[in-house]
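What follows is a short report on a single structure.
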Amino acid sequence: MIINSELYQIFYYVAQNKSLTAAANQLYLSQSTVSRAIQSLENKLNCTLFIRSPKGMELTEQGIYLFGHVKKAATELTMAESHLQKVNSLRGGFLRIGVTELTLQYDLMSHLNALQSQYPGLNVSLSFESRLVNESLKKGLLDLAVMTTPIIEDDSIFVKRLRPMQDVLIGGSRYRKYAGRKVSITELAGEDFILMKKDTSTREYVEQLGARHGIRLNPKYEVATLTLIRMMAEQNMGLGILPEEYIKDYSGTDLFVIDLKEGLPPREVCILYSKEYYNHPIRDMFLKKLTS
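Take 0 as the starting number for the sequence shown in numbering that gives the first Met the number 0 and just add one per residue.
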C-alpha cells in the first residue's frame, strides 16, 4: 500500500508541534485540511495516531512508532537536500573513492591535496575494500574508484584507462643466484614468495601469471600492503612482485630486480564509476582533474 507522502509530512508537523493549529501555520494550510489529513492517514493505516489531551495532540503507541520512522526519513531527506545544495555550489558535500595503496600514493594524493585547498568544505572518504568496489559503485556507496587491473568487467560500470603500469620481480641478497641473467619463471616454482592477501587485484594478477605458465607460486607470506612486500623481501624472507614505482623509490642496496625471460605482463590503472549515477558535480569535477 502506497500512501501519499503529504499525509506523512502533515503527520510529522502535528507530532512535532503537538498542535493542529501550529502545524497548519507552518505548512500554510487550513486547520480543517490538517485535521482531515490526519483522519485520512489513520483510516488508511487502520489505527489511531493521536489522542487529544490538555497538553495538545499526544501520540498513541502506534503514533510514536510511526513518528520514529517518519522522523528518520525526514532527517535523511534534509541531509540529502543540504548535500545536494552544497554539491551544486561545490562548497561542501562529500566524495567517496575506492582506492588501492598504489593508486592513493601515486595517482590520487596530489589531486586530493589540491582538492582540499580549493574546496575546504568537501569531505573525502577512502575505501580500500577492492573486492567490493563494483557492488559499492552500483549501490551508490562509492562515487568512483581508482583501481589496478585485473578488474571484474561489469556492463553497469564505466571503466576509463588512466595510465599503464608495470610490475617487477624482486629479491634480496639470498637470491643473487638469479642476478645478471634471464630467469625462466619455471625456475621459481620452489621458491618462497611474499604475496598480497587474497581478494586484491595484485594477488589476482600473480595467480593469473602462475596459471599462464602452469606453475603455482608458493605464498610463504600473505600481507596487506605492497610496502610490506618490499620490506620483507629486503630481509630475504622471500621473493616479491611489486609495481615498479616501489623500486624506483627504493634507496637501499639489498634489493635487485630479477630479469624474467617471459617478462611480466603490463597492467593498467583505471577509473571506475557507475552508469546509474550520471549526475554528480563533485565526482565529475574530480574526474576531469584526474584525466586532464
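The beta carbon of each residue, even a glycine, is placed where N, CA and C say it ideally should be.
It should be emphasised that the depicted structure is a prediction, and the values quoted were computed from it without experimental measurement.
Determine the direct distance from the alpha carbon of Ser-29 to that of His-110, and round the result to whole angstroms. The count along the sequence shown starts at 1 and reaches residue 110 at position 111. The count along the sequence shown starts at 1 and reaches residue 29 at position 30. Spanning the two alpha carbons is a distance of roughly 54 Å.
Val-222 to Lys-196, Cα distance in whole Å? Taking the sequence shown and counting its residues from 1, one reaches residue 222 at position 223. Taking the sequence shown and counting its residues from 1, one reaches residue 196 at position 197. When rounded, the distance between both Cα atoms is 5 Å.
Can you tell me which residues form a DSSP beta bridge with Thr-148? Locating residue 148 in the sequence shown gives position 149, where the first residue counts as 1. DSSP lists no partner for Thr-148.
Which residue spans inside the stretch 117 to 173 form an unbroken beta strand (DSSP E) run of at least 3? You should have 122 to 126, 143 to 147, 156 to 164 and 166 to 170.
Assuming Leu-285 contacts Gly-170 under a Cβ cut-off of 8 Å, what Cβ separation, rounded to an integer in Å, is found between them? Numbered from its first residue, the sequence shown carries residue 285 at position 286. Numbered from its first residue, the sequence shown carries residue 170 at position 171. Looking at the sequence itself, residue 285 is Phe, so the reference to Leu does not match. Contact flag wrong, Cβ pair sits at about 39 Å.
Distance, Cα to Cα, Arg-130 vs Arg-202? Residue 130 sits at position 131 when you count from the first residue of the sequence shown. Residue 202 sits at position 203 when you count from the first residue of the sequence shown. A straight line joining the alpha-carbon of Arg-130 with that of Arg-202 spans about 11 Å.
Please state whether DSSP places Asp-253 in a helix, a strand or coil. Working through the sequence shown from its first residue, we reach residue 253 at position 254. Correct three-state label for Asp-253: coil.
Given a cut-off of 7 Å, decide if Leu-143 and Ile-156 are closer than it, judged by their beta-carbon atoms. Position 157 of the sequence shown, counted from the first residue, corresponds to residue 156. Position 144 of the sequence shown, counted from the first residue, corresponds to residue 143. For Ile-156 and Leu-143, no; Cβs fall outside 7 Å.
Where Leu-216 and Asp-258 are concerned, what is the direct C-alpha to C-alpha distance, given to the nearest angstrom? One-based indexing of the sequence shown puts residue 216 at position 217. One-based indexing of the sequence shown puts residue 258 at position 259. So the two alpha carbons sit approximately 17 Å from each other.
Which same chain residues, not among the five before or five after Gln-165, have their C-beta less than 8 Å away from its C-beta? Along the sequence shown, one-based indexing puts residue 165 at 166. Excluding positions up to five away in sequence, the list reads Pro-242, Glu-243, Leu-263, Pro-265 and Arg-266.
So, is Arg-180 buried or exposed, given that buried needs 16 or more other C-beta atoms within 10 angstroms? Against the sequence shown, residue 180 aligns to sequence position 181. Under this definition Arg-180 is an exposed residue.
Is DSSP giving Ser-18 helix, strand or coil here? Translated into the one-based positions of the sequence shown, residue 18 becomes position 19. When DSSP states are grouped into helix, strand and coil, Ser-18 belongs to the coil group.
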